[in-house]
Each structure stands twice: as C-alpha cells, then as structure tokens.
Amino acid sequence: MLAYERFGTGEPLVLVHGISHRRQAWYPVAEQLAEQREVILFDLPGHGESPDLVRDGRPVKDVLQQELIALLSELDLDRPHIAGNSLGGRIALEAAVDGLVSSATGLSPAGFWKGNLDFAYIRAHFAVLLAAARLTQPLAPSLARSGVARKLMLGSLMTHGENLDRDRVVGDLNSMIAARHALKTIIAGGYPFDGELPADIPVTIAWGTKDRLLLPYQAERARRQLPNAEHLWLEGSGHVPMSDDVEGVVDVLLRGSSQGLRSSVADVA
Numbered sequence: 001m002l003a004y005e006r007f008g009t010g011e012p013l014v015l016v017h018g019i020s021h022r023r024q025a026w027y028p029v030a031e032q033l034a035e036q037r038e039v040i041l042f043d044l045p046g047h048g049e050s051p052d053l054v055r056d057g058r059p060v061k062d063v064l065q066q067e068l069i070a071l072l073s074e075l076d077l078d079r080p081h082i083a084g085n086s087l088g089g090r091i092a093l094e095a096a097v098d099g100l101v102s103s104a105t106g107l108s109p110a111g112f113w114k115g116n117l118d119f120a121y122i123r124a125h126f127a128v129l130l131a132a133a134r135l136t137q138p139l140a141p142s143l144a145r146s147g148v149a150r151k152l153m154l155g156s157l158m159t160h161g162e163n164l165d166r167d168r169v170v171g172d173l174n175s176m177i178a179a180r181h182a183l184k185t186i187i188a189g190g191y192p193f194d195g196e197l198p199a200d201i202p203v204t205i206a207w208g209t210k211d212r213l214l215l216p217y218q219a220e221r222a223r224r225q226l227p228n229a230e231h232l233w234l235e236g237s238g239h240v241p242m243s244d245d246v247e248g249v250v251d252v253l254l255r256g257s258s259q260g261l262r263s264s265v266a267d268v269a
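Quick note on numbering: full-length UniProt numbering labels position 53 of the sequence shown as 53, and the sequence is numbered without any gaps.
Now the structure itself:
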C-alpha cells in the first residue's frame, strides 16, 4: 500500500508529486486547499515512505497507473479530481485519458519534449541533481540553515527555495537519494505524451515561466497538442511552483477542479 495522507473537506483532490520528490512537496499549498477540498497526498512507488517500484516486466506507465487505481480503490474514491507536478502532472493527464478522474491539472507536466536530444537534457539534469545531492548530503544539515544556501541548492527546481525550511530541504534531499533506483527506472521508460483527452473531462495545464527542467517552450507544445485544455503561465515560478507561488498554485488547483480559472492568472499568449 502506498503511503498517503488524507485531510480537509469538500470534493476529493488527489495530488501527485514529481519524480524523485515526495508527498511533502504539496505541503506549502495543502492547508489552503484543505479549506475547500478533501486533499489526498501520496508517495509514488519507490519514493518517500512507499514500497519500492517493482516492474515485473511491465511498462513503467502501466505500473504507475495500476498503483494509482489500487490507491483510489483502497480509499473508495470514485473519479476524484487530480493534479500533479512534473511526472505527477503526466500521471494526472494519463488518468484523464483513462477516464479515472473528474478533472485533471498538470503543473509543468512531463511528456512534451521535442525528441531524443531534448530528453537527453532532462536525463542529464536529473543525473547532475542526484550527484549533487549525494555529494552534499553530509553537509546539507549545516548548509540548509542559510536561506541563500537553500535557494542555491534548489535553484534548478524552484526560484524561491529559501521559502522551504531546513528540515524540508534536508528531507527532500535524502528522499531524492533514496528514490534513485525508481528515478532511473522511470527515466529509462520515459516517452512523449500521446494520449487523447476525453471531451468531458476538464484539463488545465500551468507552466512556470522560470522552469529550468522542462523548459517553458514545452508549454507551447502542450498547447498545440491539447488545444481543448486551459493553458496558463505561472509567472516567475520554477519547475516545482508550489513554494514559488503559493497563492497562484492554490488558485489554479481550486479553479481547475471547479472547471474555472481566475482572470488574474495570465493566459498563454
């Protein structure tokens, strides 16, 4: 059984973190969301406190889909709303394709890179992140006392890493190292998103303008590929926007799961 948390009141909203992260990625926005939604956070297989990712010869996509279906069944959730970041955003889109959810929101969802060279950049980015995490792990508790150091340590993922406290940063770093086998397995099985979204499932895609992992031009590719979705920019946010723009992300998630969006969030031009 995957590790999860469930709290709040209202329509259920399942939140899916990105590759090498953990459910705590949503903590900056979870409290506000819980005022209007029943929030479900969980750790993906091989991440956080969940069991290892076991393929047994299955494609990675099928493993992740089956684990999500099992979790929804265990929690007695019938077509909840879903939102995800990065890999989690891709999982949210796949759940919409499969008709498992009532709405889907992706924050910089994976799957819209150009080709092999573009994907090689993503693989290299994660390889550097993991190597840096392992190198700095012994010093991380001391380094992370400084807001400037936290900002630098997390600079490739978010623009305001200093917003996270020391314990969160150290915990995320340790979680990334612990998830390295799942990270390598998922990256090895990666391929572009090619699903067809059902017309009756609202989909929202929001992209940080300062995303340094899934570069912002991919938002334009997503818009061309999924013209019926709502497409938004999160101004000044990085790849993991939940700490960069708490109010903006909360608004996107609430409105996305209500089939509406605030006018103050800029549409993709």
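All C-beta atoms in this analysis are idealised placements derived from N, C-alpha and C, irrespective of residue type, glycine included.
Bear in mind that the values here come from a model prediction, so they are computed numbers and not experimental data.
According to DSSP, which residues form a beta bridge with residue i?
i	result
Ala-149	Partner(s): none; Ala-149 has no beta bridge.
Leu-38	Per the sequence presented here, residue 38 reads as Glu, with Leu not at that position. Gly-8 and Pro-12, per the DSSP bridge assignment.
Gly-208	Leu-234
Can you round the beta-carbon distance between residue i and residue j to whole angstroms, since I take them to be within the 8 Å contact cut?
i	j	result
Ala-104	Leu-13	Going by Cβ atoms, the distance from Ala-104 to Leu-13 rounds to 11 Å, so no, they are not a contact pair.
Ile-19	Ser-86	6 Å
Taking all protein chains shown into account, decide if residue i is buried (16 or more other Cβ within 10 angstroms of its Cβ) or exposed.
i	result
Ala-188	exposed
Ala-149	buried
Pro-45	buried
Met-1	exposed
Ile-69	exposed
Ser-108	buried
Ala-120	exposed
Pro-28	buried
Ala-127	exposed
Glu-67	buried
Leu-261	Residue confidence for Leu-261 is low, a pLDDT of 43 falling below 50, so the modelled location carries little weight and cannot support an answer.
With C-beta atoms as the reference, is residue i less than 8 Å away from residue j?
i	j	result
Lys-210	Thr-136	no
Met-153	Gly-147	no
His-125	Leu-253	no
Pro-241	Gly-208	yes
Leu-75	Arg-6	yes
residue 358	Ile-201	This structure leaves residue 358 out entirely; the chain is present only between 1 and 269.
Gly-112	Gln-32	At residue 112 the sequence reads Phe, which differs from the Gly that was named. For Phe-112 and Gln-32, no; Cβs fall outside 8 Å.
Leu-93	Gly-195	yes
Can you give the Cα-Cα distance for residue i and residue j, rounded to whole angstroms?
i	j	result
Ala-199	Ala-206	19 Å
Thr-9	Gln-36	6 Å
Val-249	Leu-183	25 Å
Gly-115	Val-60	19 Å
Ile-40	Tyr-4	7 Å
Ala-110	Ala-34	26 Å
Ser-73	Asp-98	15 Å
Glu-220	Leu-232	10 Å
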